[in-house]
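Notes follow once the structure below has been shown.
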Amino acid sequence: MRLSHFSSANLVAFLTLGAQALFVRSSRDEHRQRLLVQRSDRLPTPIHGPHGFPPDNTHDNPPASGFHPPELPETVSFFHINDMHAHIDEWVGGAEVDCKDTHRKDGQCVGGSARLKSAVHRLRSENKHSLFLVAGDETTGTLFYSYHGHPILAEALNDVGVDGFTLGNHEFDEGTKGLAKFLPLLNCPILAANIESENEVVNTTVVPYHIYWEQGVAVIGAVTETTKTESRPGRETKFHDVVSTIQKTVDEILSTTNITRIVALTHIGYDEDKELARSTTGLSLIIGGHTDTPLGPMVGRDDEPPDGEYPTIEKNLDGEKVYIVTDFHWSEWLGHVDMTWDESGQVVKVVGKPVHLVQSLPQEPKLKAKVHEWREAFAPWAAEIIGHADVELESSNCKKEPCLFGELLSEQVALFASL
Numbered sequence: 001m002r003l004s005h006f007s008s009a010n011l012v013a014f015l016t017l018g019a020q021a022l023f024v025r026s027s028r029d030e031h032r033q034r035l036l037v038q039r040s041d042r043l044p045t046p047i048h049g050p051h052g053f054p055p056d057n058t059h060d061n062p063p064a065s066g067f068h069p070p071e072l073p074e075t076v077s078f079f080h081i082n083d084m085h086a087h088i089d090e091w092v093g094g095a096e097v098d099c100k101d102t103h104r105k106d107g108q109c110v111g112g113s114a115r116l117k118s119a120v121h122r123l124r125s126e127n128k129h130s131l132f133l134v135a136g137d138e139t140t141g142t143l144f145y146s147y148h149g150h151p152i153l154a155e156a157l158n159d160v161g162v163d164g165f166t167l168g169n170h171e172f173d174e175g176t177k178g179l180a181k182f183l184p185l186l187n188c189p190i191l192a193a194n195i196e197s198e199n200e201v202v203n204t205t206v207v208p209y210h211i212y213w214e215q216g217v218a219v220i221g222a223v224t225e226t227t228k229t230e231s232r233p234g235r236e237t238k239f240h241d242v243v244s245t246i247q248k249t250v251d252e253i254l255s256t257t258n259i260t261r262i263v264a265l266t267h268i269g270y271d272e273d274k275e276l277a278r279s280t281t282g283l284s285l286i287i288g289g290h291t292d293t294p295l296g297p298m299v300g301r302d303d304e305p306p307d308g309e310y311p312t313i314e315k316n317l318d319g320e321k322v323y324i325v326t327d328f329h330w331s332e333w334l335g336h337v338d339m340t341w342d343e344s345g346q347v348v349k350v351v352g353k354p355v356h357l358v359q360s361l362p363q364e365p366k367l368k369a370k371v372h373e374w375r376e377a378f379a380p381w382a383a384e385i386i387g388h389a390d391v392e393l394e395s396s397n398c399k400k401e402p403c404l405f406g407e408l409l410s411e412q413v414a415l416f417a418s419l
């Protein structure tokens with residue numbers, strides 16, 4: 001970005017976005033009472049564990065042990081995003097700046113929670129049996145988070161209608177105390193099988209997996225073990241090996257229920273997702289995040305090719321196919337994959353593609369109005385001028401090599417540490 005001046009708010013955004021780039025490199029009380037987790041081995045019991053949510057949260061209570069839901073849908077549609085990083089308002093695709101009227105005139109604006117909500121609701125109306133899942137890193141990245149914190153991020157997610165959320169490393173940027181303020185605000189299961197925390201709220205709110213009985217699908221969560229060095233989880237939170245934990249959880253589900261449709265919702269990275277698929281058995285689908293990986297074909301993104309196919313296919317230890325999807329970042333795209341099983345629980349058909357949330361797609365009016373109100377609240381703060389830059393503060397290459405943006409970040413961190 002080229003700046004003739006920058007404000008205190010700009011600097012906060014620099015610090016949060018720069019840290020993000022460096023990291024990539026290297027009713028509710030009632031709900032939570034139903035989420036108590038048996039901690040003896042980090043796995044819930046099949047009946048009395050975290051599987052059930054009350055009907056007012058659109059999740060059925062857990063059936064009796066051995067129950068197999070009748071007439072399971074052959075096909076389940078999965079919609080997903082990851083690494084939104086507080087981009088709850090539309091922004092300029094490819095330029096990584098806020099969307100202004102000049103950009104709207106040229107049709108350059110993409111993403112945002114209001115547009116995401118419209119897309120998800122439209123797809124739900126077309127696909128009766130569906131789940132909308134978020135693969136982590138909702139926090140850290142824009143002034144919406146820097147100024148308002150967790151509450152508006154949770155409100156936006158709840159408004160869109162999330163069915164399941166796995167933790168990302170950036171959810172720990174304010175420590176487990178900060179995370180404990182965020183989690184109770186979410187109206188969906190929060191999934192991470194491989195963490196164990198001494199923080200009471202985190203320990204009783206985050207669950208290893210959730211069974212969606214209507215769809216006949218179990219979803220297991222996992223977060224990267226590198227969170228302990230990439231963020232601030234503190235010594236009170238442990239991160240266990242992803243592969244062995246996922247396999248243990250799969251085995252538990254298969255041995256205690258009749259559920260065979262098992263999905264991993266991960267925040268570990270694309271290469272790690274592929275390794276997870278190759279190193280385990282029992283998974284049908286992996287929905288991932290963390291590395292901001294574009295998978296395609298991505299119609300409308302012609303400037304550079306995707307890093308892999310959507311979905312990517314790997315073979316597990318039994319030689320069976322495992323399908324892997326991820327959705328780039330910042331809600332510019334909405335992942336959509338339809339998976340069909342036969343009566344024996346074998347995957348027989350997979351169809352999917354990422355949907356580009358371009359400006360021509362409508363924004364849901366009520367959520368759009370909320371986002372505008374949230375932006376207006378920090379507008380005076382963002383406009384405060386505290387300095388000038390006569391050169392371009394390049395940031396697009398910061399994940400690959402030294403850059404001016406990174407130098408500014410490093411200098412400001414060093415200055416802050418010396419105060």
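If you read the sequence shown in full-length UniProt numbering, its first letter stands for residue 1, the second for the next number, and so on.
Here a beta-carbon is modelled for each residue, glycine too, at the ideal position from N, C-alpha and C.
All of these numbers come straight from a predicted model, not from anything done at the bench.
Close beta carbons around residue i, own chain, < 7 angstroms, minus the five adjacent residues each side
| i | result |
| --- | --- |
| T249 | L43, A193, P208, Y209, I220 |
| F67 | Low local confidence applies: a pLDDT of 49 at F67 is under 50, so the model's placement there is unreliable, with the coordinate-based value given in what follows. Correct list: empty, nothing qualifies. |
| T227 | N169, F172, P233, F239 |
| V299 | H356 |
| S375 | The displayed chain sequence assigns Arg, not Ser, to residue 375. Counting only Cβ-Cβ distances below 7 angstroms, and skipping sequence neighbours, we find D89. |
| K349 | T340 |
| D318 | T281 |
| A414 | none |
Anticipated Cβ contact below 8 angstroms, residue i with residue j, distance rounded
| i | j | result |
| --- | --- | --- |
| E90 | G111 | 6 angstroms |
| A222 | N199 | Actually they are not in contact, since the Cβ atoms of A222 and N199 sit about 19 angstroms apart, beyond 8 angstroms. |
| Y310 | G269 | That belief does not hold up - the Cβ atoms of Y310 and G269 are roughly 16 angstroms apart, past 8 angstroms. |
| T102 | H267 | Wrong, their Cβ atoms sit about 35 angstroms apart, outside the cutoff. |
| V76 | S130 | 7 angstroms |
| A119 | V355 | 6 angstroms |
| L265 | G164 | 6 angstroms |
| V337 | V325 | 5 angstroms |
| F378 | L143 | 5 angstroms |
| V201 | I190 | No, V201 and I190 are not in contact; Cβ-Cβ is about 11 angstroms, not under 8 angstroms. |
Proximity below 8 angstroms, CB of residue i to CB of residue j
| i | j | result |
| --- | --- | --- |
| T176 | T237 | yes |
| G288 | A135 | yes |
| W333 | H87 | no |
| S284 | V347 | yes |
| N158 | L123 | no |
| T340 | E74 | yes |
| G335 | I81 | yes |
| D307 | P294 | yes |
| C403 | E392 | no |
| G406 | C398 | yes |
| Q412 | Q108 | no |
| L276 | I286 | yes |
Contacts around residue i, its chain only, beta-carbon distance under 6 angstroms, and the 5 residues preceding and following it disregarded
| i | result |
| --- | --- |
| D83 | D137, G289, D292, H329 |
| R278 | E314 |
| S344 | none |
| T245 | A193, N194 |
| N127 | S77 |
| E272 | none |
| D29 | Because the pLDDT of D29 is 36, which lies under 50, any placement of that residue in the model is unreliable, and the number read from its coordinates should be weighed accordingly. There are no such residues. |
Contact test: residue i Cβ vs the ligand PLP heavy atom, cutoff 7 angstroms
| i | result |
| --- | --- |
| A389 | Because no ligand of any kind appears in the structure shown, any question about the ligand PLP cannot be addressed here. |
Spatial neighbours of residue i in its chain, beta-carbon cut-off 8 angstroms, leaving aside the 5 residues before and after
| i | result |
| --- | --- |
| D241 | N194, E225 |
| G274 | Contrary to the premise, residue 274 reads as Lys rather than Gly in this sequence. Correct list, in chain order: T312, E314, I324. |
| A154 | F182, L185, L186 |
May I have a chain-ordered list of the alpha helix (DSSP H) segments no shorter than 4 residues that lie completely inside the region 157–189? 175–182
Uninterrupted beta strand (DSSP E) stretches inside the region 319–360 (no shorter than 3 residues): Counting whole runs of 3 or more residues, the region 319–360 contains the beta strand (DSSP E) stretches 321–326, 333–341, 347–352.
Do three or more CB pairs link the region 151–171 to the region 180–191 at distances below 8 angstroms? yes
Runs of 3 residues minimum, wholly inside the region 232–259: which ones carry the beta strand (DSSP E) assignment? 237–239
Does the region 112–119 come into contact with the region 361–378, if we say contact requires no fewer than three beta-carbon pairs (one atom in each stretch) closer than 8 angstroms? yes
Sequence ranges, beta strand (DSSP E) only - wholly within the region 70–149, length at least 3: 75–81, 130–134
For the region 286–321, list the beta strand (DSSP E) runs that are entirely contained and at least 3 residues long, ordered along the chain. 312–315
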